[in-house]
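Everything below concerns the one structure shown next.
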Amino acid sequence: SQTIHQWPATLVQPVGSPLSLECTVEGTSNPNLYWYRQAAGRGLQLLFYSVGIGQISSEVPQNLSASRPQDRQFILSSKKLLLSDSGFYLCAWSSPGGAKNIQYFGAGTRLSVL
Amino acid sequence: AQSVTQLDSHVSVSEGTPVLLRCNYSSSYSPSLFWYVQHPNKGLQLLLKYTSAATLVKGINGFEAEFKKSETSFHLTKPSAHMSDAAEYFCVVSDQWTGNQFYFGTGTSLTVIP
Numbered sequence: 001s002q003t004i005h006q007w008p009a010t011l012v013q014p015v016g017s018p019l020s021l022e023c024t025v026e027g028t029s030n031p032n033l034y035w036y037r038q039a040a041g042r043g044l045q046l047l048f049y050s051v052g053i054g055q056i057s058s059e060v061p062q063n064l065s066a067s068r069p070q071d072r073q074f075i076l077s078s079k080k081l082l083l084s085d086s087g088f089y090l091c092a093w094s095s096p097g098g099a100k101n102i103q104y105f106g107a108g109t110r111l112s113v114l
Numbered sequence: 115a116q117s118v119t120q121l122d123s124h125v126s127v128s129e130g131t132p133v134l135l136r137c138n139y140s141s142s143y144s145p146s147l148f149w150y151v152q153h154p155n156k157g158l159q160l161l162l163k164y165t166s167a168a169t170l171v172k173g174i175n176g177f178e179a180e181f182k183k184s185e186t187s188f189h190l191t192k193p194s195a196h197m198s199d200a201a202e203y204f205c206v207v208s209d210q211w212t213g214n215q216f217y218f219g220t221g222t223s224l225t226v227i228p
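Sequence order for the protein chains is U and L.
Numbered by the working numbering, the letters in the first sequence go through residues 1 to 114 in order.
Numbered by the working numbering, the letters in the second sequence go through residues 115 to 228 in order.
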């Protein structure tokens, strides 16, 4: 069966420090991968999605970047964190294809930038 | 353009009474619709999905939703609320033209009163 792992679960970082969040998927090949951010009391905002190795689409301009160095690995990064980067970050995957494919979510990372 | 409106940001019900969480969508083409549930500091779990089959969709934990094209609605219901249903609920739309992308509502927080 397919599983998605996301770590760390919580992270406290000072302003200006770098960030690296990792997400890996097991049990499937060539998944579509997604990074979302959920700010307190708000819905989910799609940050990045990827349909293959090295293929990253960014939905909103921001202080973050994403990379997909391997088929089932998706990394969210920042060179210098801002206070506004605080939030709950969720990774998700879906099978390749169209709109009927379900997205499956990781457990999330709670990031606090102080 | 695709979008989802969850009409209530907060809903409170007594244990054992019916639950109604409202969702209206906007989609240019045949949509796929989903409901996800999120417990505090957890990832999102799929409750149910509509993908152009039966308009009344049954999901996990006794939830169901009815797709009404004429009303562009996809409301989530449950006959009898349980304490464990207290969580955040998200309505999501996708369609064949957005393909890989999901569009989330802002969420409805469900409180169950004992």
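Think of the CB as a built atom: it goes at the ideal place given N, C-alpha and C, for glycine as much as any other residue.
Here the structure is a predicted model, which is why all the values come from computation and not from measurement.
Rounded distance between the beta-carbons of residue j and residue i, thought under 8 Å
i, j, result
"Val206(L)", "Phe218(L)", "5 Å"
"Cys23(U)", "Gln2(U)", "Their Cβ separation, rounded to whole angstroms, is 13 Å, which puts Cys23(U) and Gln2(U) out of contact at 8 Å."
"Gly108(U)", "Phe88(U)", "5 Å"
"Ser78(U)", "Asn63(U)", "6 Å"
"Arg110(U)", "Ala9(U)", "7 Å"
"Ile4(U)", "Lys163(L)", "18 Å between Cβ atoms; not a contact."
"Asp199(L)", "Leu158(L)", "With a Cβ gap of about 15 Å, Asp199(L) and Leu158(L) do not count as contacting."
"Ala201(L)", "Val133(L)", "Ala201(L) to Val133(L), Cβ: 11 Å. No contact."
"Thr165(L)", "Ser146(L)", "5 Å"
"Leu114(U)", "Val51(U)", "Rounded, the Cβ-Cβ distance is 35 Å, inconsistent with contact."
"Leu142(U)", "Leu19(U)", "Residue 142(U) lies beyond the range of chain U shown here (1 to 114); nothing can be said about it."
Within chain U, partners of residue i - CB distance below 7 Å
i, result
"Phe218(L)", "Gly43 and Leu44"
Contact list for residue i against chain L, beta-carbon separation under 8 Å
i, result
"Leu90(U)", "Gly157 and Leu158"
Chain-ordered chain U contacts of residue i [CB-CB under 9 Å]
i, result
"Phe204(L)", "Gly43 and Leu44"
Span of the beta strand (DSSP E), counted from its first residue to its last, around residue i
i, result
"Gly87(U)", "Gly87 to Ser94"
"Trp111(U)", "Looking at the sequence provided, one finds Leu at residue 111(U) rather than Trp. Taken as a continuous stretch (DSSP letters only), the beta strand (DSSP E) holding Leu111(U) covers Thr109 to Val113."
"Asn32(U)", "Asn32 to Gln38"
"Tyr143(L)", "No beta strand (DSSP E) contains Tyr143(L), which DSSP labels as neither H nor E."
"His5(U)", "Thr3 to Trp7"
"His124(L)", "His124 to Ser128"
"Asp209(L)", "Ala201 to Asp209"
"Lys192(L)", "Ser187 to Lys192"
"Ser57(U)", "Gln55 to Ser58"
"Phe48(U)", "Leu44 to Gly52"
"Val25(U)", "Leu19 to Glu26"
"Ile75(U)", "Gln73 to Ser78"
"Thr225(L)", "Thr222 to Ile227"
"Phe181(L)", "Glu178 to Lys182"
"Arg68(U)", "Ser65 to Gln70"
"Val133(L)", "Val133 to Leu135"
"Gln159(L)", "Leu158 to Tyr164"
"Thr10(U)", "Thr10 to Gln13"
"Gln236(L)", "Because residue 236(L) is not part of the residues shown, which for chain L are 115 to 228, the question remains open."
"Gln120(L)", "Ser117 to Gln120"
"Leu170(L)", "Leu170 to Lys172"
Interface residues of chain U facing residue i [CB-CB closer than 8 Å]
i, result
"Gly221(L)", "Arg42 and Gly43"
8 Å Cβ cutoff, residue i in contact with chain A
i, result
"Leu134(L)", "Judged by its chain identifiers, the structure shown contains no chain A, and its protein chains are U and L."
Distance cut-off 7 Å: residue i Cβ against heavy atoms of the ligand PLP
i, result
"Thr186(L)", "For the ligand PLP, the structure offers nothing, since it holds no ligand at all."
Report yes or no: do the stretch 119-139 of chain L and the stretch 178-193 of chain L share at least 3 C-beta pairs separated by less than 8 Å?
Verdict: yes, contact present.
For the stretch 21-39 of chain U against the stretch 47-55 of chain U, do three or more pairs of beta-carbon atoms, one drawn from each stretch, fall closer than 8 Å, so that the two count as touching?
yes
With 7 Å as the limit, tell me which residues of the stretch 101-112 of chain U have their beta carbon closer than that to any beta carbon of chain L; keep them in chain order.
Ile102, Gln103, Phe105, Gly106, Ala107, Gly108 and Arg110
Beta carbons nearer than 7 Å to chain L: which residues of the stretch 47-59 of chain U have them?
Tyr49 and Val51
Any chance the stretch 117-125 of chain L sits against the stretch 170-183 of chain L, with 3 or more Cβ pairs inside 8 Å?
In this structure the stretch 117-125 of chain L does not touch the stretch 170-183 of chain L; the number of beta carbon pairs closer than 8 Å is below three.
For the stretch 71-81 of chain U against the stretch 14-29 of chain U, do three or more pairs of beta-carbon atoms, one drawn from each stretch, fall closer than 8 Å, so that the two count as touching?
Yes, they touch.
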